[in-house]
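The structure appears below as structure tokens.
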């Protein structure tokens, strides 16, 4: 009576070490965001932006496909929540490397910083137009690129923790 069973194979200890390590990683990431980008905007995010969740209406113009930017549909909002705006961009960059078909990311598909900056220039122009603000400066675009890189790590951490939790729930 009053005796608790003890797992002698070290499983509980390994589990606790993993939890502590992941908690430490999350705290490190939070500190990076808070110290490096204290003004980073928090918005409603999809949190799972990838090519499979973006639908484009394509019409055929002769032999070429033409996409209408006004007919983009985003689907699959099961992970949507308030988050940092650049999380979706960082996640999209990570997802751009694939890995969904054969579970092997193709890191050579990761867009270069120059390509990410081009994307963010379009993003910022559209954002600024919607908000009625002046266009973003070169320094602001550099900061957006830096944020996107940090949130690539945040995305990897987020989905890594998600995977661990999914694995643990299957036991």
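Numbering (this note's numbering), first residue to last: 8 to 178. From the three backbone atoms N, C-alpha and C, an ideal C-beta is built for every residue, glycine too. All values reported here derive from a predicted model rather than from experimental measurement.
Could you name the residues that DSSP lists as bridge partners for residue i?
i, result
"residue 91", "49"
"residue 62", "80"
Under a three-way DSSP split, which group does residue i fall into?
i, result
"residue 155", "helix"
"residue 110", "coil"
"residue 12", "In this prediction, residue 12 has a pLDDT of 39, which is less than 50 and means its spatial position is unreliable; what the coordinates show is noted afterwards. Residue state, collapsed to three classes: coil."
"residue 24", "helix"
"residue 122", "helix"
"residue 100", "helix"
"residue 37", "helix"
"residue 54", "coil"
"residue 176", "helix"
"residue 140", "coil"
"residue 105", "coil"
"residue 85", "coil"
"residue 43", "helix"
"residue 117", "coil"
Report back the beta-carbon spacing between residue i and residue j to the nearest angstrom; my notes put them in contact at under 8 angstroms.
i, j, result
"residue 80", "residue 51", "No, residue 80 and residue 51 are not in contact; Cβ-Cβ is about 17 angstroms, not under 8 angstroms."
"residue 94", "residue 161", "6 angstroms"
"residue 158", "residue 96", "7 angstroms"
"residue 60", "residue 90", "The pair is not a contact, with the Cβ atoms about 15 angstroms apart (cut-off 8 angstroms)."
"residue 122", "residue 152", "So it is not a contact: roughly 10 angstroms between Cβ atoms."
"residue 131", "residue 148", "6 angstroms"
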